[in-house]
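Letter 244 of the sequence shown, counting from 1, is numbered 245 in this note's numbering, and no numbers are missing. No residue lacks a Cβ here, since even glycine has one placed at the ideal position from N, Cα and C.
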Amino acid sequence: MRRSDAEGRPADAEGAEQAPAAAPAADPAHPGNGAAGLGLLERAFERLAQAEAELERARAERDEALRRAELERRLVLADEALLDTLASGGDLASLREGIRRALGRPVRIVDMTVRYDVRDEATEVGDDERPLIALSGRTGGPVSSVREGAAGADDGAAYHVMAARRDDEVVGAVLVDGELDAADSVVLRRCARMLATFVSAQGRARGDLALRRKELLEQVLAPPVGGLSETTLRRLAEHGIAPGRPFRILVGDGSPAVLREIDHRFELDFGGALLRAVIGEQLIALVNERNFAQLRELFDAPGARAWGGLLIGHSPELARMSIVPLELELVQRVVGAARATAGPRQSTLVSLESYGALGAFLNSISLEPTKLAIRETLGPLLDYDERHGTELMATAGAYLDLGRSAARVAHRLHVHENTVRQRIDRIARLLGPDWAEGQAGLDHHIMLAAHRLLG
């Protein structure tokens, strides 16, 4: 018996009519909706591209931050190079080491306010580099070039020069090998600024020390009535000049440029230990015997360099500070005599000993009696020159020095030969007709030479 539903229809009758299936919901993500799915994928790719772009920007910002941090670190190293050098009282070598750390490569630094540094080749500058330094000084930026190899050919090694300027003056330069990127150039500029500051600070420090040395030396050369104070004596001892220790007076004579050069050399070799100052266009110094021995090697050693017309007169060993003013005057006379005569100078150093037997004689006697003897012998010539502004003393000395040749005297004194003859006639009337002959000639010759040295 077949079952039927409530309406009496068979429940599972074969062939019975089925109800139609429900249509799928309108879901844009449904695979069946192609256009909508494609749009969804495009938006997903766009979001992915945006995320990748954001990631790339983040990476770029991170890299830029790292570059800025690295640049800042190197700039701090450049600043610290200056601060550490000044704090420790260091020199160019100390500053160069700090700048090397900032630049990350070997470097040369040059102080253009001094002519040379005999103890450090890394501070020298070549003739081919000077124009580059000048160009960098004008442009305010690094200048690059290529080093020359053998026979003037470029060897392909690039290098850069950055001038260190104080206002508009080039006071130094930083030189580095190799190529530079933008960060290297920024650091190089900062290093040049540090060098300029260091050179300026050194100049001020040297100036302050030089002023104090000059003040001390002037006290010794013109002591107060009561003599030098204990404080002054202690300051002298700091320069190696102490009671009971022999010392000498030095007088350097030359052009201002040569005196600056030799003062720089003294600074390198002795620092502030050598008591010296430029006084009256001459470099005056007091040196103990140990330092004088070193100076003698510098100026008198075989193969010693020429110093551009520099003369350095020196006294014999001295022991008392009270005689320094008189001995200084004598050394200055020796230098003046050496400058005025073609001989007997054989080296940069001159002294009374340079003048043979006469010098040795004058070096061992009291000066005042000798000056009195000069006045007694040559008084008429001295008085005439003082009254009339003539040069009879110089003419008489040259006449006896040059074998009584009027022509040679005229050449030495740069006057006409007739002028010399007129002067010789005047001298003969003042001293006597035989003034240049025999014993009288010898006496006059000795006293004229002594006057040239002693005044």
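Distance from the CA of E239 to the CA of R413, rounded to the nearest whole angstrom, comes to 46 Å.
Residue burial is scored here from C-beta neighbours: H389 has fewer than 16 other C-beta atoms within 10 angstroms and is therefore classed as exposed. The beta carbon of P381 sits closer than 7 Å to those of L431 and L432, all from its chain and outside the five residues before and after it, given in chain order. Judged by beta-carbon spacing, G404 lies beyond the 8 Å limit of R453, meaning their Cβ atoms are not closer than that value.
When DSSP reads this structure, D178 sits in a beta bridge with Y160. Residue pairing of F248 in beta bridges, as defined by DSSP: N289 and L319. From the listed residues L218, S348, A70 and T391, the smallest Cα separation to S323 is found for L218. If you look at I134, you'll find it isn't in any beta strand (DSSP E); it sits in the alpha helix (DSSP H) that goes R131 to T140. Judged by DSSP in its simplified three-state form, A278 adopts strand. A Cβ-Cβ separation of about 6 Å places A274 in contact with G241 under the 8 Å criterion.
In this structure the region 139-146 does not touch the region 197-213; the number of beta carbon pairs closer than 8 Å is below three.
A direct Cα-to-Cα measurement between R167 and L83 gives close to 15 Å.
Counting only runs of 4+ residues, the alpha helix (DSSP H) found wholly inside the region 396-422 occupies 407-414, in chain order.
Only residues of its own chain outside the window of five on either side were considered, and among them R453, L454, L455 and G456 have a CB closer than 8 Å to the CB of R334, listed in chain order. In the displayed model, L311 falls within coil according to three-state DSSP, outside both helix and strand. R340 sits in a helix when the DSSP states are folded into three classes. With respect to R236, R277 sits apart: the two C-beta atoms are not nearer than 8 Å.
Nearest neighbour of I375 by Cα position, chosen from L449, A164, E231 and E71, turns out to be L449.
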